[in-house]
Amino acid sequence: MTSLFSIVLAAILGLLAVASAIGFILQRRATEPGSVATVQNLNARIRSWWIMVAVFGGAILLGETSTVILFAFLSFMALREFWTLTPSRRGDHLALFLSFFVVLPIHYVLLGTEWYGLFSIFIPVYAFLILPAVATLTGDVNEFLARSARVQWGLMLTVYSISHAPALLMLETGTPPALLLVYLVVVVQLSDVFQYVWGKLLGKHRFSPNISPSKTIEGLVGGGASAILAGTLLYRLTPFSPLQAAAISTVIVVAGFFGGFVLSAIKRDLNAKDWGYVIEGHGGVLDRLDSITFAAPLFFHIVRYWFTT
Amino acid sequence: MIALIRRLLVLFVRILVGARSEWRGCTPDSSRRIYFANHNSHVDTVAVMAALPWPVRRLTHPIAARDYWGTSAFRRFIAEKCLRAVLIDRKPAPDSNPLEPLERLLEEGRSILIFPEGTRSATDEIAPFRSGIYRLACRFPDVDLVPIHLDNLQRILPKGSMLIVPITCTARFGKPLRVEPGEEKAEFLTRARAAVIELADGGHAA
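The following block contains the structure:
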């Protein structure tokens, strides 16, 4: 795995170096206030990409435990961003406390110890029943259904869904499982990056101004197609044939798109532009992982069902 | 050793509740100031202190109630040693001046952090301000009073709970105010409270 992984890492670092160089040139050329702001945001994004690649690449190199811990931390940050924007009442306090400090850690321990049976039902079944049960103890019935739904959605999106990315590490497919995780993350993130680039270069027709004002049809089509092409070319990282890789990258790209879209819809509902502030140029952790929330479980189940030995 | 514990405490609070700062009406400055904030939870003091940049934090002393923070060795350690807090009596003896330690700090050129509601409120409402802040403003007319609004603390650690939920807290620093010539106590207290309430809007929407 190390040799293949080093090639991928070198390619990503090369891409980033090219991006940084382009950003540097654009920065010297930009004069109008509008384009200066765009270029500044672009360069902030590129700087953050260096850090994200270093953190993610470092965790993969260090091994499975550190990768699981990294994702547990990302889930924690994402859940916190979710609850910072989402309203809650005094009656939810204990349920929220349990989400952060009991459900999240137990879920990741189940992942770390590869207890797949309980891992797959712990949040959707047990947290789903226990948390509203706990919330009834305070006697606050105000908006009870909506509040219970929010508690469950917070966990499903930020903990359960995201954890399916590191869960790939427990799959035996004949290829090193870390490469499957790298494959998923690279395809999803390339799809986002290509959509951004295509949208900035050619974007004219807004896809859905209500939900995501910056998404254009040109960006979606161009970005999606580029990411599917990249996913197909990277088939050597996976147990897939090139044709299978093309089909699976299509699933990843479409799911990733809807992940970003659904999380944008939630943001609009909560009157926010970004989920958080920790990643310069990108917003919050959840702004960066929104596509993963939908793509990871699908990819995990496809691989688990058809490709495990 | 204490310095290390202090830094760990700030780091811990940053990880737990973010403790971001948003400077709206002024910039961080180490000149002496009276910071005043709304009061919802025990985390408030630490959250503001963690939100202040180190050079300012170093010179700022929060004011804490002796009847809570002075009751055990651990609380006293956190308050007095880690946060450089000054403990005062909420129900002082009739002929004493409870503000005296605060005045002494300001005279030395240090900044203080007070919670003019006097006690933690159980709701999101900001209670009417007590008069101490007016007396300080009159006694130090050339010192800026900086309003701070802390959001989400009601949800992070509500009154009556010991469980911290790690939602992000932002400390918003507003435009400094001073007591105007001839301004009455009630008028000033209303104005100061309004300055905090005005900062409550998160400005998330874009």
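If you're matching them up, the sequences are chains A and B in order. For the first sequence, the working numbering begins at 321 and goes up steadily by one. For the second sequence, the working numbering begins at 96 and goes up steadily by one. Yeah, the Cβ is synthetic: ideal placement off N, Cα and C, and Gly gets one too.
In the three-state scheme derived from DSSP, where H, G and I count as helix and E and B as strand, aspartate 610 of chain A is classed as helix.
Using a Cβ-Cβ cut-off of 8 Å, histidine 413 of chain A counts as an interface residue toward chain B, since at least one Cβ of chain B sits closer than that to its own. For the C-beta of asparagine 133 of chain B, not a single chain A residue is nearer than 8 Å; the gap to the nearest is close to 17 Å. Residues of the segment 245-262 of chain B with a C-beta atom less than 7 Å from some C-beta of chain A are Asn247, Arg250, Pro253, Ser256, Leu258, Val260, Pro261 and Ile262, listed in chain order.
Three or more beta-carbon pairs drawn from the segment 532-548 of chain A and the segment 563-581 of chain A are found closer than 8 Å, and the two stretches are therefore classed as touching. In this structure the segment 219-237 of chain B lies against the segment 197-210 of chain B, because at least three pairs of beta carbons, one per stretch, are closer than 8 Å. Counting only runs of at least 4 residues, the segment 197-241 of chain B fully encloses the following alpha helix (DSSP H) elements, listed from N- to C-terminal order: 227-234.
Secondary-structure assignment with DSSP links proline 157 of chain B through a beta bridge to B:Leu208. Contacts with chain B at 8 Å (Cβ-Cβ) include serine 408 of chain A.
Straight through space, the alpha carbons of threonine 155 of chain B and isoleucine 612 of chain A are spaced by roughly 44 Å. Judged by pairs of C-beta atoms under 8 Å, the segment 157-165 of chain B does not touch the segment 269-279 of chain B, as fewer than three such pairs exist. Counting only residues of its own chain and dropping the five nearest sequence neighbours on each side, arginine 250 of chain B has a CB closer than 8 Å to the CB of Val260 and Ile262. Counting C-beta pairs with one atom in each stretch, the segment 108-124 of chain B and the segment 182-202 of chain B have fewer than three that are closer than 8 Å, which means they do not touch. Excluding sequence positions up to five before and after leucine 362 of chain A, its CB lies within less than 6 Å of the CB of Gly343, all in the same chain and listed in chain order. Nearest CB-CB separation between tryptophan 403 of chain A and chain B: below the 8 Å threshold. Every alpha helix (DSSP H) of 4 residues or more that sits fully in the segment 330-390 of chain A is shown, in chain order, as 353-382. Within a 10 Å sphere around the beta-carbon of glycine 494 of chain A sit fewer than 16 other beta-carbons, which makes this residue exposed.
Shown here for leucine 491 of chain A: same chain residues with a beta carbon closer than 8 Å to its own, the five before and five after excluded, namely Pro497, Leu500, Phe620, Val623, Arg624, Phe627 and Thr628 in chain order. Within the same chain, Glu384 and Pro497 come within 6 Å of leucine 489 of chain A by CB-CB distance, once the 5 residues on both sides are set aside.
Take leucine 200 of chain B, set aside five residues on each side of it, and the residues of its chain with a beta-carbon closer than 6 Å to its own are His156 and Ile207, in chain order. Here DSSP, grouped into helix, strand and coil, assigns lysine 254 of chain B to coil. Per DSSP, the unbroken beta strand (DSSP E) holding leucine 182 of chain B starts and ends at 181-183.
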